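*Asks:* First to last, the protein sequences are chains F and R. The numbers in this note's numbering rise by one with no breaks, and the one at position 54 of the first sequence is 54. The numbers in this note's numbering rise by one with no breaks, and the one at position 123 of the second sequence is 430. Backbone N, C-alpha and C fix where the C-beta goes; we use that ideal spot for every residue, glycine too. A quick note: this is a predicted structure, and the numbers were derived from the prediction, not measured. The structure's right below; bear with me while I get my questions together.
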Amino acid sequence: MTYQTMLKLCSAMVLLASAHAQAVVQVFACEPEWAALAGEIGGSNIKATSATTALQDPHYIQARPSLIAGVRKADLLICSGSGLEDGWLPLLLRKGGNSNIQPGQAGYLMASQYVNRLEIPAVLDRAQGDLHAQGNPHIQTDPRNIALVARVVAERLQQLDPGHAASYREGLAAFEDKWNAAIATWQREAAPLRGKRVVLHHKSWAYLESWLGLEEAATLEAKPGVPPSAAHLNELLVQLKAAPAALIIRAPYQDPKPSEWLTKQTGIPNAALPFTVGGSAEATDLYSLFDATIRILLDTMEPASDR
Amino acid sequence: MTGEFNVNIVMPALLAGMLVLSTHVPLGRRVLERGIIFIDLAIAQVAGVGVILADGVGWEAHGWEVQVVAVGAAMIAALGLNLTEKWWPDIQEALIGVLFVLAATASVLLLADNPHGGEHLKDLLVGQILWVDYPQLIPVAIAYALLLACWFGLGTRVPTIGFYLVFAVAITASVQLVGIYLVFSSLILPALATRKLPKRWQLPAAWTIGLLAYLTGIGLSMVFDYPTGAVIVWAMAMLAIAGAWVLPGLLRKA
Numbered sequence: 001m002t003y004q005t006m007l008k009l010c011s012a013m014v015l016l017a018s019a020h021a022q023a024v025v026q027v028f029a030c031e032p033e034w035a036a037l038a039g040e041i042g043g044s045n046i047k048a049t050s051a052t053t054a055l056q057d058p059h060y061i062q063a064r065p066s067l068i069a070g071v072r073k074a075d076l077l078i079c080s081g082s083g084l085e086d087g088w089l090p091l092l093l094r095k096g097g098n099s100n101i102q103p104g105q106a107g108y109l110m111a112s113q114y115v116n117r118l119e120i121p122a123v124l125d126r127a128q129g130d131l132h133a134q135g136n137p138h139i140q141t142d143p144r145n146i147a148l149v150a151r152v153v154a155e156r157l158q159q160l161d162p163g164h165a166a167s168y169r170e171g172l173a174a175f176e177d178k179w180n181a182a183i184a185t186w187q188r189e190a191a192p193l194r195g196k197r198v199v200l201h202h203k204s205w206a207y208l209e210s211w212l213g214l215e216e217a218a219t220l221e222a223k224p225g226v227p228p229s230a231a232h233l234n235e236l237l238v239q240l241k242a243a244p245a246a247l248i249i250r251a252p253y254q255d256p257k258p259s260e261w262l263t264k265q266t267g268i269p270n271a272a273l274p275f276t277v278g279g280s281a282e283a284t285d286l287y288s289l290f291d292a293t294i295r296i297l298l299d300t301m302e303p304a305s306d307r
Numbered sequence: 308m309t310g311e312f313n314v315n316i317v318m319p320a321l322l323a324g325m326l327v328l329s330t331h332v333p334l335g336r337r338v339l340e341r342g343i344i345f346i347d348l349a350i351a352q353v354a355g356v357g358v359i360l361a362d363g364v365g366w367e368a369h370g371w372e373v374q375v376v377a378v379g380a381a382m383i384a385a386l387g388l389n390l391t392e393k394w395w396p397d398i399q400e401a402l403i404g405v406l407f408v409l410a411a412t413a414s415v416l417l418l419a420d421n422p423h424g425g426e427h428l429k430d431l432l433v434g435q436i437l438w439v440d441y442p443q444l445i446p447v448a449i450a451y452a453l454l455l456a457c458w459f460g461l462g463t464r465v466p467t468i469g470f471y472l473v474f475a476v477a478i479t480a481s482v483q484l485v486g487i488y489l490v491f492s493s494l495i496l497p498a499l500a501t502r503k504l505p506k507r508w509q510l511p512a513a514w515t516i517g518l519l520a521y522l523t524g525i526g527l528s529m530v531f532d533y534p535t536g537a538v539i540v541w542a543m544a545m546l547a548i549a550g551a552w553v554l555p556g557l558l559r560k561a
């Protein structure tokens, strides 16, 4: 190959790369699970970033310049919604001034609107704690919800980037095949967990419970978002003595101290479940997220010897 | 730095910083003189308790009403501290510390029944400089212009009670804009760095150190994508050390 052709080839590659960079749909996700989902469907046609990591509480985040820059150039915003990001997303959207991702636009996707939400309070009484009026927003702990959101993500990507519509349709079809097969496997593996009683640190696991048929024995926080009082802890101990539970569950960003305290008092084991992509060393994508979740639940509640 | 950067992202933050410095640098010198450096924490906490209380008695405060309640609570605390300074000047700093823990724990107790108030408290105490936008700056600019006119208009004749009241208003506004860490730093660090300078140089030098710190901090936060407020605090500490070291020699020669 001559020097000249090399040069031409190189410049052609650079041009291609930059044209490609231009065409990529920028996805700004509030939580890592939605960035991962967009990646599953959009592949190399999109570039997804997440505002939070699995180790951050998505209720609160620190303001960094890249968040505003990310919102400015985003074509599609994907968040859980239902009030989870109320503390910062409205501010961020206002600062970003990007009209493509404002409420009502195709670029504005609140995932929880597309699933059957649990725990929508009949009466919103402020004395009940930090309740979300629109129901429990932590929908990603049930993989069937992720399948529902996947369809909406694919629709929106087709709408925003019609040139690659076929590729998004194929991406969705491939994901749905693989995902539904995975759900069937997880459900088979998790069958022995049905009816097990669990204690929750915070009400983050309603969808996991309803999916796997777990029973919520109690929550460490008497009211969501309020630290437990002495009276509540005492009541919890009495209750768990009368009707023991199999496991105490928390998210990786929650303080392990309360659940460890309860383990010492009751002998019930505790575990941090990954909660979202990146929540543990194993949970590197959506598949391994549920692989790891089911494995931890089985290991702690159904030791291998009993299986 | 990732991609092209729009200055508009950080311009309001820089203006907010300049506003905070305008009042906090002169106030900080008085705070340091009196040795009551934790007064900002105490006053801000009391302002927060005021808002939670208003919320708790069912008054759903929004917008300017929240500000009235917050400033009102802060001013009551300021009047109280003015009296304690008169009566027990030797234990004033200790009393300020006590006021801080009482206010902070009062908010925990009040919030046990009303976690929604917690959102108010967070809004009030944990302002984040990067979220600031232009419309928010206008009322603060007007209030600070009035405060500065009073402060410098009266000159050395500002009575103690005047200091406490100006302080209460200035702090209540600034914690909501930039958060308590930056408020504390803007008060104390430039004042510390310049206290050994000739009198006429102290204020200009302190303002310059503060402004350079905000510029450096915001710049570094853009390049390395760190939370902006925290980077500014560190930039200010470094510049204050450098300033305290270099400036006395420089200005003596001048």
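So, does the stretch 94-105 of chain F touch the stretch 177-184 of chain F, judging by three or more C-beta pairs under 8 angstroms?
*Replies:* no
*Asks:* By Cβ distance below 6 angstroms, which residues in the same chain neighbour Phe290/F in space, the five residues on each side in sequence not counted?
*Replies:* Pro143, Trp186
*Asks:* Determine whether the beta carbon atoms of Asp75/F and Leu160/F lie at a separation below 8 angstroms.
*Replies:* yes
*Asks:* Can you list the residues of chain R that Pro65/F reaches, using a CB-CB cut of under 8 angstroms?
*Replies:* Phe312, Ile316, Val317, Leu437, Ser528, Met529, Asp532, Thr535
*Asks:* Mind reading off the beta-carbon distance from Ser310/F to Gln140/F? Whole number of angstroms is fine, and I expect it under 8 angstroms.
*Replies:* Residue numbering for chain F in the displayed model covers 1 to 307; residue 310/F lies beyond these limits and cannot be assessed.
*Asks:* Under the rule that 16 or more other beta-carbon atoms within 10 Å means buried, what is Gly42/F, buried or exposed?
*Replies:* Flag for Gly42/F reads buried.
*Asks:* Smallest Cα separation from Met301/F: which of Gly195/F, Gln105/F, Glu119/F?
*Replies:* It is Gly195/F whose Cα lies nearest to the Cα of Met301/F.
*Asks:* Roughly how many angstroms separate the alpha carbons of Cys79/F and Trp458/R, rounded to a whole number?
*Replies:* One C-alpha to the other measures close to 48 angstroms.
*Asks:* For Gln26/F, which beta-bridge partners are listed by DSSP?
*Replies:* Lys47/F
*Asks:* Identify, in the order they occur along the chain, each residue of the same chain with its Cβ nearer than 6 angstroms to the Cβ of Tyr319/F, setting aside the five sequence neighbours on each side.
*Replies:* This structure cannot speak to residue 319/F, because chain F is shown only from 1 to 307.
*Asks:* Does the pairing of the stretch 270-286 of chain F with the stretch 241-250 of chain F give three or more beta-carbon distances under 8 angstroms?
*Replies:* yes
*Asks:* Classify Thr463/R as buried or exposed, calling it buried when 16 or more other Cβ atoms lie within 10 Å of its own Cβ.
*Replies:* exposed
*Asks:* Mind pulling the chain F residues with CB within less than 9 angstroms of Asp397/R?
*Replies:* Within 9 angstroms Cβ-Cβ: nothing; Asp397/R doesn't reach chain F, min ~37 angstroms.
*Asks:* Would you verify that the beta carbon of Ser229/F is, or is not, closer than 8 angstroms to some beta carbon of chain R?
*Replies:* With 8 angstroms as the cut-off, Ser229/F counts as an interface residue toward chain R.
*Asks:* Measure from the alpha carbon of Asp255/F to the alpha carbon of each residue in Ile183/F, Leu200/F, Ala69/F, then state which is nearest.
*Replies:* Per the Cα distances, Leu200/F.
*Asks:* Show which residues of chain R have a CB atom less than 9 angstroms away from the CB atom of Gln158/F.
*Replies:* Taking a Cβ-Cβ threshold of 9 angstroms, none of the residues of chain R is close to Gln158/F; the smallest such distance is about 26 angstroms.
*Asks:* Quick one: residues in its chain with C-beta nearer than 7 angstroms to the C-beta of Leu510/R, no 5 flanking neighbours on either side, listed in chain order?
*Replies:* Val332, Pro333
*Asks:* What residues from chain R crowd round Ile68/F, counting only those whose CB sits closer than 8 angstroms?
*Replies:* Residues of chain R passing the Cβ test: Ile316, Leu437.
*Asks:* Counting only Cβ pairs nearer than 7 angstroms, list the residues of chain R close to Arg94/F.
*Replies:* Here the neighbours are Asp440.
*Asks:* Thinking C-alpha only, which one of Val115/F, Ile183/F, Thr293/F is nearest Val152/F?
*Replies:* Val115/F
*Asks:* What is the residue span of the alpha helix (DSSP H) that Ala320/R lies within?
*Replies:* 318-341
*Asks:* CB Ala450/R to CB Val482/R, shorter than 8 angstroms?
*Replies:* Ala450/R places its beta carbon 8 angstroms or farther from that of Val482/R.
*Asks:* Using only alpha-carbon positions, find the residue among Ile346/R, Val376/R, Val314/R that is nearest to Thr391/R.
*Replies:* Ile346/R
*Asks:* Kindly say whether Leu118/F, judged by its beta-carbon, lies nearer than 8 angstroms to any beta-carbon of chain R.
*Replies:* no
*Asks:* Beta carbons nearer than 7 angstroms to chain R: which residues of the stretch 38-59 of chain F have them?
*Replies:* none
*Asks:* Which whole-angstrom value is the C-beta distance of Leu455/R and Thr330/R, which I expect to be below 8 angstroms?
*Replies:* That pair is a contact at about 6 angstroms.
*Asks:* Ordered along the chain, which non-local residues of its own chain (more than five positions away) have a Cβ less than 7 angstroms from that of Pro137/F?
*Replies:* Ser80, Gly81, Ser82, Gly83, Leu84, Ser112
*Asks:* Taking the straight line between their C-alpha atoms, what separation do you get for Leu212/F and Asn234/F?
*Replies:* 29 angstroms
*Asks:* Would you check if there are 3 or more beta carbon pairs closer than 8 angstroms linking the stretch 340-356 of chain R to the stretch 480-496 of chain R?
*Replies:* A contact exists between the stretch 340-356 of chain R and the stretch 480-496 of chain R.
*Asks:* If you draw a straight line from the alpha carbon of Trp395/R to that of Leu386/R, how long is it in whole angstroms?
*Replies:* 14 angstroms
*Asks:* For chain F, check one thing: does any of its Cβ atoms lie closer than 8 angstroms to the Cβ of Ile419/R?
*Replies:* It should be pointed out that residue 419/R corresponds to Ala in this sequence rather than to Ile. At least one chain F Cβ lies under 8 angstroms of Ala419/R.
*Asks:* Should Leu91/F be flagged as near chain R, meaning a C-beta pair shorter than 8 angstroms?
*Replies:* Yes, Leu91/F counts as interfacial toward chain R.
*Asks:* Give me the Cα-Cα distance between Cys30/F and Leu118/F, rounded to the nearest whole angstrom.
*Replies:* Using only the alpha carbons, I get a separation of about 21 angstroms.
*Asks:* Please list the terminal residues of the continuous beta strand (DSSP E) segment that includes Ala327/F.
*Replies:* Because residue 327/F is not part of the residues shown, which for chain F are 1 to 307, the question remains open.
*Asks:* Would you please verify whether the beta carbon of Ala21/F is less than 8 angstroms from any beta carbon of chain R?
*Replies:* Summary for Ala21/F: the model assigns pLDDT 48, below 50, so the residue's position carries little reliability; its value from the coordinates is reported in the next sentence. No, because no Cβ of chain R sits closer than 8 angstroms to the Cβ of Ala21/F.
*Asks:* Mind checking whether Pro228/F and Pro252/F have CB atoms under 8 angstroms apart?
*Replies:* no
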